[in-house]
Each structure stands twice: as C-alpha cells, then as structure tokens.
Amino acid sequence: MSSGGVLDLTVVVTTLTLFSVAWPTLHLTHEVPAPLQPIVAGCAALPFALIRVNPDLGWLISAGAALTIPWFFDVHADYPLPWQVVHIIVLLVLLAAVVLRCPPVHAGLAWLGTVLLFIGYAPGRDGFGWAFGLTALALFCVLIRWLVLSRRQLARQEELSELERTRRTVLEERARIARDLHDVVAHHMSLVVVQAQTAPYRLSDVSPEARAEFDSIGEVARQALNEIRGMLGVLRSDGQSAELAPQPGVGQLSALFDSSRRAGVSLTPVVSGEQDGVTEAVGLAAYRIVQESLANAARHAPGAAVEARVDLGAAESELVVVTVVNGPVANGPVVNAPGAMGSGGNGIAGMRERAQSVGGTLEAHPLAGGGFAVSARLPRTGFAVGSA
Numbered sequence: 277m278s279s280g281g282v283l284d285l286t287v288v289v290t291t292l293t294l295f296s297v298a299w300p301t302l303h304l305t306h307e308v309p310a311p312l313q314p315i316v317a318g319c320a321a322l323p324f325a326l327i328r329v330n331p332d333l334g335w336l337i338s339a340g341a342a343l344t345i346p347w348f349f350d351v352h353a354d355y356p357l358p359w360q361v362v363h364i365i366v367l368l369v370l371l372a373a374v375v376l377r378c379p380p381v382h383a384g385l386a387w388l389g390t391v392l393l394f395i396g397y398a399p400g401r402d403g404f405g406w407a408f409g410l411t412a413l414a415l416f417c418v419l420i421r422w423l424v425l426s427r428r429q430l431a432r433q434e435e436l437s438e439l440e441r442t443r444r445t446v447l448e449e450r451a452r453i454a455r456d457l458h459d460v461v462a463h464h465m466s467l468v469v470v471q472a473q474t475a476p477y478r479l480s481d482v483s484p485e486a487r488a489e490f491d492s493i494g495e496v497a498r499q500a501l502n503e504i505r506g507m508l509g510v511l512r513s514d515g516q517s518a519e520l521a522p523q524p525g526v527g528q529l530s531a532l533f534d535s536s537r538r539a540g541v542s543l544t545p546v547v548s549g550e551q552d553g554v555t556e557a558v559g560l561a562a563y564r565i566v567q568e569s570l571a572n573a574a575r576h577a578p579g580a581a582v583e584a585r586v587d588l589g590a591a592e593s594e595l596v597v598v599t600v601v602n603g604p605v606a607n608g609p610v611v612n613a614p615g616a617m618g619s620g621g622n623g624i625a626g627m628r629e630r631a632q633s634v635g636g637t638l639e640a641h642p643l644a645g646g647g648f649a650v651s652a653r654l655p656r657t658g659f660a661v662g663s664a
C-alpha cells in the first residue's frame, strides 16, 4: 500500500473512532433525544474525514455544527464546555489543517471564526483564554508552514541548480571536444598545405597545369587553416594557446597508464586489437574517456583496484570497446591523487558527450558488490561520411 493509501486508511479509522466515542457519550454532555444522537455525534466527529481532501470544507461543517448545536440542545449543568470534547478536538485539528494547507485568506477566516465561537459560547471569561490558545496554535502552524515551504523552495532551487550545472557541464565538454577535434583537423590541414606546396619539388615531370592545381589546393587549405585557427581562438579560454600538434589517442594510452600508476592508482590495464583503422577522433575520445574514468576512480575510490580494458578490435571490425572498472574503496589509507591524474573533464556527462561526438554510446553504473563501471562503445571510424 502506498503512503497515501496508509494515510487515507488512518483518517477513516480515526474518524470512526471519534464517532464511536462521541455517540455513546453525547447523553452525558447534552440533552439530545435518542433518535437524534447519532446525527449530532456525526456532526461532531465526521468532518474529520475531510482533513486530507478538503480541510476548509471540513472546518466549515464542524464550525457550523458548533454554532447550531448549543441553540437546539441544552448542555447539562455539570458539564463546563459548550461542545463535546470530541467536537472540540475535531474543530481544532481542522483549524490547524486549514492554516497549514489552505490559502492564507481561508486560514485567517478559519482562525477568526473559531475564536468568535469560543468567545461567544465558552462560559465566563474562558472564551478569551481559548482565544489566546487558538492564536498560539495558529501562529505555530504558520511557522511550520513557512518552514515547510522554505524547504520545498530550497529543494526546488537545488534541483534547478543541479540541472543548470549538468547543462553547463555538457556545454563545457562540447566546447572542449570541439577544440580537440579542431586541433586534429588543423594539424591535418597544415600537412595538406605543406604537401601541396612541396609536391612540385618532390615529384618529377610536374606539368604547369598540375603545378597550378597544387598551388590552388595549397591556397584553399591555407585559407581553411586560417579559419580553423580563428575558430580555435573563439573556443579557447583567455591565455590558452592553440596547439596544432596531434591530440592524444590510443597510442598514448601506455603513457596514461604509467601516469596513473605513479599517481598511486592500483591499475591493471589491458589493451588489445589493432590501432590501424581507428580514426584520430575516435582515438581521442577513447583516450579522454579512459583518462576521466581513471581520474574519477582516483578521486572517488582511492586505493581501490582498477581495471582498464581497451579492445580496439581487428581492422575489419566496427567497434572500439572501452571498459574501466574500479572495485570498492580499500580499507587502507586514502591515496590523494596528484596533479598528474587531473583530467580536466566533466565527469560522466562529459564522457557521454565524448562518446556521442563520434557516434558512440557510454554507460556508467555502480556495481552490486561495490565499485563502479564505465563502458563505452565507439565506432572505429566515427560517424559515417555524410551522416548528420
């Protein structure tokens, strides 16, 4: 049964309990004919059933009954209150529910109406004492309502902040991916310029038409390179120099593993398959995913055993599979990862963007026995040519 169902059942049981007390004891407090006793007792107890679905209507019925019962039925001389104790309890609980849950105008009217009822019907000066107590009850409920609303607003703001952080993380990683990919493209464009300019001198028997074609290729490549450098200037942060050297790839994984071991990570790397056919973009994505996974393992599971598996597949295969698994945190001393382990990435969201940037997928999840696993499947050649 859901929590709402449990609460509804509790309200029903409580209402029946109040009614079962009000009916048999009504003749002790009021002069009510026997045939009317269940009706009067019901007016006193049954409005409690509305406390969850419509507390202001429940209060209105209870207050109306409190207003009319003393008019039609006399109170025994030895009974000091104008209503049954059950009726008073139901009226006060419904007042508290209205103050806690209903609009402020309804809450104010309910408080005022209840105060006037007690001042009008309570014997002697007791009504003013009840008025003071009712005011204290209402103020206490207002304080609780304010605290609950403040917590809800804080939780809502935290949720929005988390969504904004996630969005910003994705955007930052996309910009970082764009910088890396532009570096790779710019490097290749530089090679095109050099090859086009030197081709007439490296090759024999180059006709004037071919020489002009090489010059045209070199000029177009040079213009494209300048445009790429301009875009890099926009994408890079202030003071960050452009690097036109190739970005790291699967060939640099061994150096990354060595750096991780020096940082104190208990690492078991396994690299299999052939590098031939793996494009630089896919190799860069695989490298960054492994780098970020190892950095996360060092940061969140210091001392845990880590296994990094990179399956490059065969030249004719279609996928590069990257899997990094760390076990539960060891009981030994905490190992603080030095700067060499810094990835500069943006966690799981950043790794997922890396995988998607080359047409791959990434999954990250905790393990049943403790630890964490990251698995990425990347196409060896990235997105197919002409794909959107």
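Reminder that position 333 of the sequence shown reads as 609 in our numbering, one-by-one numbering, no gaps. Built from N, CA and C at the ideal position, the CB exists for glycine as well.
Euclidean distance between Cα positions of residue 534 and residue 547: When rounded, the separation of the alpha-carbon atoms in residue 534 and residue 547 is 13 Å.
Pull up the DSSP beta-bridge partners for residue 351, would you. BP columns for residue 351 point to 306.
In terms of alpha-carbon separation, which member of 286, 333, 349 and 371 lies closest to residue 312? Closest option to residue 312, Cα to Cα, is 349.
Please specify which runs of the alpha helix (DSSP H), each continuous and at least 4 residues long, are wholly inside the region 312 to 400, giving them in chain order. DSSP runs (the alpha helix (DSSP H)) wholly in the region 312 to 400: 313 to 321, 331 to 348, 361 to 377 and 380 to 397.
Going straight from the alpha carbon of residue 650 to that of residue 369, what length do you get? Going by the C-alpha atoms only, they are around 53 Å apart.
Between the alpha carbons of residue 290 and residue 305, how many angstroms are there, rounded? Cα to Cα, residue 290 sits roughly 22 Å from residue 305.
Given a threshold of 16 other Cβ atoms within 10 Å of its Cβ, counted over all protein chains shown, does residue 323 qualify as buried or as exposed? Around the beta carbon of residue 323, 16 or more other beta carbons lie within 10 angstroms, which makes this residue buried.
Shortest alpha-carbon distance to residue 473 belongs to which of 491, 283 and 465? The shortest C-alpha separation from residue 473 is found at 491.
Along the chain, where does the alpha helix (DSSP H) that runs through residue 633 open and close? Segment 623 to 633, the alpha helix (DSSP H) holding residue 633.
Which residues bound the beta strand (DSSP E) around residue 574? Note, residue 574: premise wrong, no beta strand (DSSP E); alpha helix (DSSP H) at 556 to 576.
Own chain residues within Cβ distance below 8 Å of residue 620, not counting five before or after: In this prediction, residue 620 scores a pLDDT of 49, lower than 50, which makes its location untrustworthy; the coordinate-derived value is nonetheless stated afterwards. Sequence-distant partners of residue 620 (beyond 5 residues in either direction) whose C-beta falls short of 8 Å from its own C-beta, in its chain, are 452.
With three or more C-beta pairs closer than 8 Å as the rule, is the region 341 to 358 touching the region 373 to 385? No contact exists between the region 373 to 385 and the region 341 to 358.
So what's residue 491 in DSSP terms, helix, strand or just coil? Helix, per DSSP.
Counting only the same chain and skipping the five closest in sequence on each side, list residues whose C-beta sits under 8 Å from that of residue 590. 549 and 550.
Local conformation of residue 541 per DSSP, three classes: Residue 541: coil per DSSP, three-state reduction.
Just to confirm my understanding: we take residue 565, look at its own chain, exclude 5 residues before and 5 after, and list those with CB closer than 6 Å. What are they? Closer than 6 Å at Cβ, skipping near neighbours: 598, 627, 630 and 652.
Where residue 404 and residue 439 are concerned, what is the direct C-alpha to C-alpha distance, given to the nearest angstrom? Between the alpha carbons of residue 404 and residue 439 lies a gap of roughly 52 Å.
Among 555, 532 and 575, nearest to residue 584 - alpha-carbon criterion: Considering only 555, 532 and 575, the residue with the shortest C-alpha distance to residue 584 is 532.
DSSP has residue 655 in a bridge; who is on the other side? Beta bridge pairing from DSSP links residue 655 with 595.
Using the Cβ count rule (16 or more neighbours within 10 Å means buried), how would you classify residue 437? Classification for residue 437: exposed.
What residue range does the beta strand (DSSP E) around residue 642 cover? Looking at the DSSP string, the run of the beta strand (DSSP E) that includes residue 642 is 637 to 642.
When you compare only the Cα positions, how much space is there between residue 366 and residue 332? Between the C-alpha atoms of residue 366 and residue 332 there is a straight-line separation of about 12 Å.
Going by beta carbon distance, what residues of the same chain come within less than 6 Å of residue 493, once the five residues before and after it are set aside? Excluding residues within five positions, the ones whose Cβ falls inside 6 Å are 472.
Residues bridged to residue 584 [DSSP beta-bridge criterion]: Residue 584 has 545 and 600 as its beta-bridge partners, per DSSP.
Which partner residues of residue 650 appear in the DSSP bridge assignment? DSSP output for residue 650 lists 600 and 640 as bridge partner(s).
Indicate the three-state DSSP secondary structure (helix, strand or coil) for residue 524 in the structure shown. Per DSSP, reduced to three states, the secondary structure at residue 524 is coil, with no helix or strand assignment.
If contacts are defined as beta-carbon pairs under 8 Å, then residue 623 and residue 445 qualify, I think. What distance do you get, rounded to the angstrom? Taking a contact as a CB-CB distance under 8 Å, the pair residue 623 and residue 445 counts as one, their CB atoms being some 7 Å apart.
Throw me the rounded Cβ distance for the residue 580 and residue 604 pair, which I believe falls under 8 Å. Yes, they are in contact, since the Cβ atoms of residue 580 and residue 604 sit about 6 Å apart, within 8 Å.
Indicate whether residue 287 and residue 328 have their beta-carbon atoms separated by less than 7 Å. Yes, the pair counts as a contact, with Cβ atoms nearer than the cut-off.
Would you report the Cα separation of residue 484 and residue 475, rounded to the nearest angstrom? The straight-line gap separating the alpha-carbon atoms of residue 484 and residue 475 is approximately 12 Å.
Sequence-distant residues of the same chain with beta carbon closer than 8 Å to residue 655, five excluded per side: Closer than 8 Å at the Cβ level, and outside the excluded window around residue 655, lie 558, 594, 595, 596, 634, 635 and 636.
Three-state secondary structure (DSSP) of residue 298: Looking at residue 298 - three-state DSSP - the assignment turns out to be helix.
Which same chain residues, not among the five before or five after residue 386, have their C-beta less than 6 Å away from its C-beta? Sequence-distant Cβ neighbours of residue 386 in its own chain, meaning closer than 6 Å and more than five residues away, are 335, 371 and 374.
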